[in-house]
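Going by the numbering used here, the sequence shown opens with residue 11, and the numbers climb by one from there.
Quick reminder that beta carbons are idealized off the backbone N, C-alpha and C, glycines included.
Here the structure is a predicted model, which means the values were calculated and not measured.
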Amino acid sequence: MAAAAAAVLLAGALTAVARDDGDRPADRVAAPAAPPPASTTAPPAPPPPPPASGPLLSYVVNTAPGAEGVRLGAQAVEAQGGEVVVSWPQVGVVVAHSAVVGFAARVRGEEGVQSAGATRTAAVVPKVDSAPEATPTEPGLPAEGTAPDLVAIGADRLPPGAGSRDVLVAVLDSGVEDTHPDLAPAFDAEASAGCTDAGRLDRDRAAWLPTSSDHGTHVAGTIAAADDGQGVVGVAPGVRLSSVKVVDEAGLIYPEYAVCGYLWAAESGADVSNASLYVDPWQYWCPGDPDQAAAVEAVQRAVRFATAAGVLSVAAAGNDSTDLAAKTSDSTSPNDTVPVTRPITSACVDLPAELDGVVTVAATQDDGTKARFSNWGLGVVDVAAPGVDVWSTTLGGSWGTKSGTSMAAPHVAGVAALLASRLPDAPPAELARLLEQQATDTPCRPLAGQPCAGTDADNAYAGEGVVDALAAATG
Ligand SMILES: [Ca+2]
Ligand SMILES: [Ca+2]
Ligand SMILES: [Ca+2]
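Printed below as a string of structure tokens:
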């Protein structure tokens, strides 16, 4: 999701970060040394050298869940010259900042630390938000309810009241315009929060409103824009929406933002979450690298916690025309500093799309053909949905089109919300099973250079098929 320009901005800001050296172990030996006792023959031991310092980076430190686990984690962080930003005892994850070079390796040796790793390669910069810019409505807005993406999944034929007010969908994205006339009726401010201030939870409205990006507002409209005779209608009008802002001003989603976002989705009582994003700065997070492994573990714990709390997690498969089941190379990571080309295997994962318990969504055109940009992968893609030229809500009370698996995933989140409306007691695993079982089988129509493995019923392009809103609403 990150833009190349963002990496330049961050790199330029390295020197702007104030460092606090006050808690460094080295500083605590700075008191004047007493003269050596006269009877001693050996010279006094020199003080240990201060740790080398570099850019202020962010880390996740994984511990046993619970108060004692994160207390040990915090103790480890402070002992090695770091500062605790936020602790999540429910999953045993401590987020820390440190400028000590080799901080993660030092912390890994401390009591109670299960794994630890840097979540980024660029320095932490203070959070700054710009003002949102409204764009006028694009020409050609179709009559409400007639858009081809809705027709393709049967969402144009729903019975009245198919979406229940009791169902909440958390939009993990760049913020949602709560005042948009097509979103205001569905919007739940109490259930909204921001996570982009270094991964801290912030429930102020300013923390979850969109700033420079209309992405989250567009995603929200596809899920639940109002059936009110104007603009667009979502897949599940009538359900509630929350904004869980996890995309920062540079367009980046760091692991600590995602951890905060999934935990808040759980705490706020969401039934479904939508993540039309991938976690930065690694496009694919490789378990052989201890930093990347620790971040995968932290986000997986947050997703698992959300699932246990009753949240079905939906995520976009990504737009890199890549077979996620046969990865060979990553040339775009880390995208917060200078990307390098590295050979990888399919053990390296797209976050959160490839985590356990996440419904992974590929994009189709309205006729069911896979969109060329959409990632695919047998055993990775679970279902598919329309993701080309999708009309939805944009900033300033406007409407416009966007394409991407980012647009496909909220169709699936909407269908899941219809299922949850009809089956309020169904746990996430049951919602996922029904999404797949009711999906319309979508045989491979192979695109040049994109081999499609599998059967008509379950294949690399569409997984179990294109989701079916009408079946979800009517059983
Ligand atoms: Ca509408
Ligand atoms: Ca999956
Ligand atoms: Ca199928």
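Distance cut-off 8 Å: residue i Cβ against heavy atoms of ligand 3
i	result
Gly378	no
Buried/exposed call for residue i, threshold 16 Cβ in 10 Å
i	result
Ala343	The residue asked about is misnamed: residue 343 is Ser in this sequence, not Ala. Per the 10 Å Cβ criterion, buried.
Gly32	For Gly32, the pLDDT reaches just 34, beneath the cut-off of 50, and the residue's location in the model is therefore unreliable, although a value from the coordinates is still provided. Classification of Gly32: exposed, given that the 10 Å Cβ count is below 16.
Ala199	exposed
Pro170	exposed
Glu307	buried
Ala217	buried
Thr189	exposed
Gln302	buried
Gln310	buried
Ala144	exposed
Glu187	buried
Gln90	buried
Thr404	buried
Gly475	buried
Arg130	buried
Ala372	buried
Gln448	buried
Val179	buried
Per-residue DSSP class, three states only, for residue i
i	result
Thr317	helix
Gln460	strand
Val422	helix
Leu219	coil
Ala496	Look at the range of the chain in this structure, 11 to 485, and you will see that residue 496 is not part of it.
Val524	Because residue 524 is not part of the residues shown, which for the chain are 11 to 485, the question remains open.
Thr484	helix
Ser402	strand
Trp292	coil
Ala126	strand
Val181	strand
Within-9 Å CB hit, residue i to chain C
i	result
Leu67	You won't find chain C in this structure, because it holds only one protein chain.
heavy atom of ligand 2 below 8 Å from residue i C-beta
i	result
Asp392	yes
Ala201	no
Thr374	no
Thr370	yes
Distance cut-off 8 Å: residue i Cβ against heavy atoms of ligand 1
i	result
Ala236	yes
Val256	no
Gln310	no
Asp159	no
Asp299	no
Val229	no
Val242	yes
Glu440	no
Asp192	yes
Gly239	yes
Glu143	no
Residue i Cβ short of 8 Å to ligand 4 heavy atom set
i	result
Glu364	Absence of ligand 4 is noted for the structure shown, with ligand 1, ligand 2 and ligand 3 being the only ligands found.
request  = Collect the residues with a C-beta less than 7 Å away from any heavy atom of ligand 3 and give them in sequence order along the chain.
outcome  = The set, ordered by position in the chain, is Glu446, Ala449, Asp451, Ala467, Asp468, Glu474 and Gly475.
Alpha helix (DSSP H) runs wholly inside the region 70 to 121, at least 4 long, in chain order = List check, alpha helix (DSSP H) in window: 77 to 89 and 113 to 118.
Sequence ranges, beta strand (DSSP E) only - wholly within the region 314 to 379, length at least 3 = Those beta strand (DSSP E) runs which fall completely within the region 314 to 379 and span 3+ residues are 322 to 326, 339 to 343, 350 to 353 and 368 to 374.
key: Runs of alpha helix (DSSP H) wholly within the region 230 to 305 (minimum 4 residues, chain order)   = Secondary structure remark: continuous alpha helix (DSSP H) runs of at least 4 residues inside the region 230 to 305, in chain order: 265 to 277.
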